[in-house]
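J.:
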Amino acid sequence: MILDRLPTELSERVAELRRLVAHHNERYHANDAPEIPDADFDLLATELRRIEAEHPELLDEQSPGQAVGAAPSGLFAPVAHAVRMLSLDNAFDDDEILAWSERLARALGRDDVADLSFSVEPKVDGVAMSLTYVDGVLTQAATRGDGVTGEDVTANVATIASVPGRLDAVAGSLPAVLEVRGEVYLPTQDFADMNARLEETGAKTFVNPRNAAAGSLRQKDPSVTATRPLAILLYQIGLIEGAPAGSDLLSDSHTTVLAAMAEVGLPVSADARCVTGIDAVIARSHELEEHRHDLSYEIDGVVIKVDDLALREVAGATSRAPRWALARKLAPEERTTMLLDIEVSIGRTGRATPYAVLEPVFVGGSTVTFATLHNQDQVARKDVRPGDTVIVHKAGDVIPEVVGPILEAGALRPAAWTFPLTCPACDGALVRLEGESDTYCVNLDCAAQRNQRLSHFASRSAMDIEGLGEKVIERLTAAGLVADVADLYEINPGRLAELEGMGELSATNLLDAIAASKEQPLSRLLVGLGIRHLGPIGARQVARSITSLEALRGTSVDVLAEVEQIGPIIAESVIAFLANPANQAVLDRLVTIGLTTEEPSVSSTDDDRDTLAGRIVVVTGAVPGFTREGAQAAIEAAGGKATGSVSKKTWCVVVGEAPGASKITKAETLGIAMVAAESFADLLATGELPAG
Ligand code: IVH
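Just so you know, the sequence shown maps onto residues 1352 to 2043 in the numbering used here.
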């Protein structure tokens, strides 16, 4: 009836959302087989709750928007919770935290929450669990279920190493009944190791640690659960009876209770912090977000709780969630998107790598459009097909990955993708040798390989030629101006200026940059030649020890293999490269052209001037051209120290894309210099802060 009075579109949307939320809730909580990432589910549930809140006439107690978890599956004996296990309301940004704090202040009859203490804790991404100890002995473990009735998983939970079977009596006595609540999870590293083992045996792998934890708890045979490296963290007391007078377990402060729980042997998070006022809450939640990958487990948010348990009573709860707590959800690291196509790229060695072309999706803090699929076997194992909806995973700086397709039972799928037989660039045959996982274009004249070789030569870690990116190289080779690296130094200026999109000025700048690269030391030239197995560190070792190209060309595998960090494999590869007549011809030309063929002695090379000696540098956010580790290594190579947090001792903060707000605020407060990411290379080279 009520629905009839609403615009049909809205009522249809609500019905649709209720159907979707109920369906995915069931898949997630009861079947441990979610079809969509949590972040996608959150979007649906949030939209439903928002509409229900804005249209109270629509509210229905039975709506899945108002439910906690899902009803027990019937696999285990039901357990009635003495005190309901609630869910949490979500906030997706700082403004929503502020809005919550204002609602909280009103519920507590205060003007604001400036002098209120909050516990800010990692929101462990696992399975909610209730443990009951009678006279200090574990008697029951129950899942949350729908909040009223859970499932008895005692036999399974008793196999978890970090769940104490018996509590330590502090000062001689323990409560008669202590029910504690927390989260069972799979540590990130253990999850990765477990999946690697499963993959080796050809068994099905788990999509994420939460799913693996839930599946492991739902085993009928506890000896199976015992083989899974599960762990637990507890975050509150559900019920306490007959506690010794004066026990801190009875304290009115949540933080004191957590410490008392730890004292009786219950594992609690070491990362919960008690802070005062909402600004400090926001700052701490940013800090936890920044360090989310330093934790040994995955988190999907930060939980903010009023510390004073008496005030919690005043604030109360809705049927679903307490008013005194809030989950600040973090940027999702898993999302779904459409796999538009699978294409193959050809590297400088001819390796053909399949990659996913995706409908752009914001995940793990950036927009992802492409993701490598590594090789033919990986595509087959994941069974992803153009046209599929796929799950994309990206955690911070980690390379984005396509986890797998989302399959709807009974739905028709697009045809399986097949690896091309010919090179997409030159049409030559693609060859996969028996026993190898990689496929190669074996045509040495392949344009893609040539362009990649030139790009590598010009790259930052090699000859560092500014303005010579992939697009320009493609134009140069397509116009027949350049075929190999020596040709770069003999480009006809007139013809260059005539190239599309070039012009006199760009042409002059490019030629100047190319000419300047002649001065690069031998180590960079060796990197640029793209010799198999020889990376920047090895190239530097070789150049330092052999000191000139001429000497290198006259050396032997045995001599080279003696160089520090150079074993027989790299040595043989270098000697084979130098023995190849085509390579010899290019090297002869480079020498005639006048490239530096020597390595300056250690103290005078740019790379070795300790430009940042004794200086502490913090990098926050992504610096283009560097991975997080790469930026740290570059600071250390320049004699500096790279640290993760800003302090009085910090010399400067390099600010990349999506920097950490708390680091910026701290640097501002302490008056520490901030350097834009574009100036990072200059900073490394000169050790001087940019002017202004
Ligand atoms: S407190 C009534 N603290 O998140 C408040 N929950 O989305 C009970 N969770 O059901 C929850 N870490 O399973 C709390 N430090 C933490 C948590 C946490 C993870 C889970 C818990 C809860 C769910 C709500």
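Backbone N, C-alpha and C define an ideal beta-carbon position, used for all residues, glycine too. If you're wondering where the values come from, they're calculated on a predicted model, not measured in any experiment.
Comparing the CB of Leu1439 with every heavy atom of the ligand IVH, is any distance shorter than 7 angstroms?
T.: Under cutoff, so the answer is yes.
J.: Just the Cα atoms here: how many angstroms apart are Ala1988 and Asp1961?
T.: Their backbone Cα atoms lie some 8 angstroms apart in a straight line.
J.: Where does Val1619 fall in DSSP's three states?
T.: The answer is strand: DSSP assigns Val1619 an E or B state.
J.: Could you check the C-alpha separation between Lys1733 and Asp1544 for me, to the nearest Å?
T.: Those two C-alpha atoms are separated by around 18 angstroms.
J.: If I measure Cβ to Cβ from Gly1852 and keep anything under 8 angstroms in the same chain, skipping five residues before and after, which residues do I get?
T.: Cβ neighbours of Gly1852 beyond the five flanking positions: Arg1826.
J.: Quick check on the burial criterion: 16 or more other C-beta atoms within 10 angstroms. Buried or exposed for Glu2065?
T.: The structure shown does not extend to residue 2065, since the chain is modelled only from 1352 to 2043, so the question has no answer here.
J.: For Pro1705, which beta-bridge partners are listed by DSSP?
T.: Looking at the DSSP assignment, Pro1705 forms a beta bridge with Val1695.
J.: Given a cut-off of 8 angstroms on the beta-carbon distance, is the pair Ile1650 and Pro1473 in contact?
T.: Closer than 8 angstroms, so yes.
J.: Would you say the beta carbon of Arg1495 is closer than 7 angstroms to some non-hydrogen atom of the ligand IVH?
T.: Result yes, Cβ under 7 angstroms from the ligand IVH.
J.: Tell me whether Val1654, by its Cβ, gets closer than 7 angstroms to a heavy atom of the ligand IVH.
T.: Yes.
J.: Might you give, ordered along the chain, the residues of its own chain that have their beta carbon closer than 7 angstroms to the beta carbon of Val1475, omitting 5 neighbours on each side?
T.: So the qualifying residues of the chain are Glu1534, Tyr1536, Leu1584, Tyr1648, Ile1650.
J.: Under 8 angstroms, with one C-beta from each stretch per pair, do the segment 1896-1916 and the segment 1791-1801 reach the 3-pair mark?
T.: Taking 8 angstroms as the limit for Cβ pairs, the verdict is that the segment 1791-1801 does not touch the segment 1896-1916.
J.: Measure from the alpha carbon of Ala1813 to the alpha carbon of each residue in Leu1781, Asn1843, Leu1862, Ile1888, then state which is nearest.
T.: Selected option, being the one with the closest Cα: Ile1888.
J.: For the segment 1777-1846, list the alpha helix (DSSP H) runs that are entirely contained and at least 4 residues long, ordered along the chain.
T.: Counting whole runs of 4 or more residues, the segment 1777-1846 contains the alpha helix (DSSP H) stretches 1798-1809, 1821-1829.
J.: Which stretch, first to last residue, makes up the alpha helix (DSSP H) that contains Val1914?
T.: Note, Val1914: premise wrong, no alpha helix (DSSP H); not H, not E.
J.: From this set, Leu1410, Asn1441, Ala1428, which residue's C-alpha is nearest Asp1389's C-alpha?
T.: Asp1389 has its Cα closest to that of Asn1441, out of Leu1410, Asn1441, Ala1428.
J.: Classify Arg1532: buried if its beta carbon has 16 or more other beta carbons within 10 angstroms, exposed otherwise.
T.: By the 10 Å Cβ count, Arg1532 comes out buried.
J.: Check whether the Cβ of Lys1474 sits closer than 7 angstroms to any heavy atom of the ligand IVH, and report yes or no.
T.: Lys1474: yes, Cβ under 7 angstroms from the ligand IVH.
J.: What does the alpha-carbon distance come out to for the pair Trp1768 and Val1968?
T.: Trp1768 and Val1968: Cα-Cα distance of roughly 47 angstroms.
J.: Among the candidates Ala1564, Ile1387, Pro1515, whose CA atom is the shortest distance from the CA of Thr1539?
T.: For Thr1539, the nearest C-alpha among the options comes from Ala1564.
J.: For Pro1751, verify whether its CB is less than 7 angstroms away from any heavy atom of the ligand IVH.
T.: No, since every heavy atom of the ligand IVH falls outside the 7 angstroms radius drawn around the Cβ of Pro1751.
J.: Taking its Cβ as the centre, do 16 or more other Cβ atoms sit within 10 Å of Gln1727, making it buried, or is it exposed?
T.: Buried.
J.: Would the C-beta of Gln1417 count as close to the ligand IVH, meaning under 7 angstroms from any of its heavy atoms?
T.: Gln1417: no, Cβ never under 7 angstroms from the ligand IVH.
J.: In this structure, what does DSSP give as the bridge partners for Phe1713?
T.: Paired residue(s): Thr1718.
J.: Using 8 angstroms as the threshold, is the C-beta distance between Arg1904 and Arg1804 below it?
T.: It is not a contact, given that the beta carbons lie outside the stated cut-off.
J.: Please determine if the segment 1499-1516 and the segment 1456-1473 are in contact, where contact requires at least 3 C-beta pairs separated by less than 8 angstroms.
T.: Segments in contact, no.
J.: What is the DSSP secondary structure of Arg1559, counted as helix, strand or coil?
T.: For clarity, residue 1559 is Asn in the given sequence; the question names Arg instead. The answer is coil: DSSP assigns Asn1559 none of H, G, I, E or B.
J.: Touch check for the segment 1514-1523 and the segment 1484-1498: three-plus C-beta pairs under 8 angstroms?
T.: Enough Cβ pairs lie closer than 8 angstroms, so yes.
J.: On the CB-based measure, 16 or more other CB atoms within 10 Å of its CB, does Phe1808 come out buried or exposed?
T.: Its Cβ being crowded by 16 or more others within 10 Å, Phe1808 is buried.
J.: Residue range of the alpha helix (DSSP H) that Lys1323 falls in?
T.: The shown model of the chain, from 1352 to 2043, leaves out residue 1323, and the question about it has no answer.
J.: Could you tell me how far apart the beta carbons of Val1925 and Leu1938 are, in whole angstroms, since I believe they sit closer than 8 angstroms?
T.: Contact doesn't hold; Cβ gap of about 12 angstroms is too wide.
J.: Among all the DSSP beta bridges, which residues are the ones paired with Cys2003?
T.: Per DSSP, Val1968, Ala2024.
J.: If you pair each beta-carbon of the segment 1652-1660 with each one of the segment 1675-1692, do three or more pairs fall below 8 angstroms?
T.: Contact holds: three or more Cβ-Cβ distances are below 8 angstroms.
J.: Could you tell me which residues DSSP puts in a beta bridge with Thr1627?
T.: In the DSSP output, where bridge partners are listed per residue, Thr1627 has Ser1468.
J.: State buried or exposed for Leu1600, treating a residue as buried only when at least 16 other CB atoms are found within 10 Å of its CB.
T.: Leu1600 comes out buried.
J.: Which of helix, strand or coil does DSSP assign to Thr1494?
T.: Of the three classes helix, strand and coil, the one that applies to Thr1494 here is strand, per DSSP.
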